[in-house]
Amino acid sequence: MPVQLICASHSPLMTAEMEESQQGVQAQFFREMDQCAEALHRFNPDLVVVFGPDHFNGFFYELMPAFCIGTAAEATKDWHFPGGPLRVPRDLAVNCVRHLQSRDYDVALSHAMKVDHGITIPLFKLTGGLDRYDVLPVFINCAADLRPSFRRVRGFGAALGEFLAGQGMRVTVVGSGGLSHDPPTPRIDHSEPEKTQRLVDRVTPTQADLDARENRVIAAARALVQGGGPCLPPDEQWDRDFLDRFVGGRLDAFDTMSDAEIDRVAGFGAHEVRTWVAAAAAAQHMGNPQTQVRYYHLVPEWITGMGIVVGQA
Numbered sequence: 189m190p191v192q193l194i195c196a197s198h199s200p201l202m203t204a205e206m207e208e209s210q211q212g213v214q215a216q217f218f219r220e221m222d223q224c225a226e227a228l229h230r231f232n233p234d235l236v237v238v239f240g241p242d243h244f245n246g247f248f249y250e251l252m253p254a255f256c257i258g259t260a261a262e263a264t265k266d267w268h269f270p271g272g273p274l275r276v277p278r279d280l281a282v283n284c285v286r287h288l289q290s291r292d293y294d295v296a297l298s299h300a301m302k303v304d305h306g307i308t309i310p311l312f313k314l315t316g317g318l319d320r321y322d323v324l325p326v327f328i329n330c331a332a333d334l335r336p337s338f339r340r341v342r343g344f345g346a347a348l349g350e351f352l353a354g355q356g357m358r359v360t361v362v363g364s365g366g367l368s369h370d371p372p373t374p375r376i377d378h379s380e381p382e383k384t385q386r387l388v389d390r391v392t393p394t395q396a397d398l399d400a401r402e403n404r405v406i407a408a409a410r411a412l413v414q415g416g417g418p419c420l421p422p423d424e425q426w427d428r429d430f431l432d433r434f435v436g437g438r439l440d441a442f443d444t445m446s447d448a449e450i451d452r453v454a455g456f457g458a459h460e461v462r463t464w465v466a467a468a469a470a471a472q473h474m475g476n477p478q479t480q481v482r483y484y485h486l487v488p489e490w491i492t493g494m495g496i497v498v499g500q501a
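Everything in the sequence shown is counted per our numbering, starting at 189 for the first residue and increasing by one.
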């Protein structure tokens, strides 16, 4: 069946008009994303499946699933992105969950999913909006300790791809997140009680809360450009090693990757590459597209090693 794969880093700092640390790097990323968007529109998918993380805007420690599929979803307004509903085909989402359960993946189901920039950035950049195409939103826990293993993520993606392969649809599969980055996200075992409580309680942040969080990230990015903390710098060698294995289709090579290694070398945000592994595993079951790296560069002002990988079959 026709399948298109697009895996791309996201950084909300791309909306903050950060001064470039290296001339032309940001513009090149946007050009490549524009070309991916044109390719998506030419492909004209019946369905866009987005594997994405959340940054404690829609999912909280009050009840943190490893995986969740939305039968209905609405975008939060973090980083001043427009809110609003996604166009989710409800029956297909429910049937997808049934299939995953039949394959021993007890995925959570949400009839009112909240998705933040981890899913909305690729939708806006690749499709031009939240509701231009039918979208299946697939959450993978990447930000909250403890996370699903890479082996489990790969199997989950493959099982979802098995379901999609039987639907007779043209499908674009998107993996959103990574590569190496270490944003100043509070962690439940290393934060003051008031910050810890924000990670637990399912409370919609006010605009003032969002602004304060975003200003903290902007300040950390500017400090990183100047060689300061608190964030680890993105790691080019780690990123390139990941990309080499990824485009080689050796997804099982990530099964032994540990969270401790990612924290130490690539940073807390690099756990988001789980979305790439799941997306690629799904695509392999739908047509096994040959992949290529369209873009890679360290972008310190975005705190991130930014990458784009595409494929089509």
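C-beta: ideal position from N, C-alpha, C; glycine also.
Fair warning: this is a prediction, and the values are worked out from it, not measured in the lab.
Bounds of the alpha helix (DSSP H) holding Pro310 are His305 to Thr315.
Note that the stretch 317–336 touches the stretch 247–259; at least 3 beta-carbon pairs, one per stretch, sit closer than 8 Å. Residue nearest to Asp242 within the set Asp389, Ala331 and Leu288 is Ala331 (criterion: CA-CA distance). When DSSP states are grouped into helix, strand and coil, His485 belongs to the strand group. Taking a C-beta distance under 8 Å as the contact criterion, Val359 and Asp279 do not qualify as a contact pair. Around the beta carbon of Phe218, a 10 Å sphere encloses fewer than 16 other beta carbons of the protein chains shown; the residue is thus reported as exposed. Rounded to the nearest whole angstrom, the C-alpha separation of Pro421 and Thr203 is 20 Å. In the three-state scheme derived from DSSP, where H, G and I count as helix and E and B as strand, Leu228 is classed as helix. In this chain, Gln211 is not harboured by any alpha helix (DSSP H), its DSSP state being neither H nor E. Thr463 is positioned such that its CB atom lies no closer than 8 Å to that of Phe244. From the listed residues Gly356, Ile309 and Pro336, the smallest Cα separation to Leu201 is found for Ile309. Per the DSSP secondary-structure output, Val497 pairs in a beta bridge with Cys195 and Val481. Ala407 is classed as exposed because its beta carbon has fewer than 16 other beta carbons within 10 Å across all chains shown. Here the stretch 335–352 lies against the stretch 289–297, with 3 or more beta-carbon pairs under 8 Å apart. 8 Å or more divides the Cβ of Asp377 from the Cβ of Gly455. Apart from the 5 residues on each side of it in sequence, Pro418 sits with its Cβ closer than 7 Å to the Cβ of Pro372 and Ala408 in its chain, given in chain order. Val362 sits close to Ala467, with the two beta carbons spaced by under 8 Å. Listed in chain order, the alpha helix (DSSP H) runs fully inside the stretch 410–434 amount to none, counting runs of at least 4 residues. Annotation: Ile491 to Ser446 spans about 22 Å, alpha carbon to alpha carbon.
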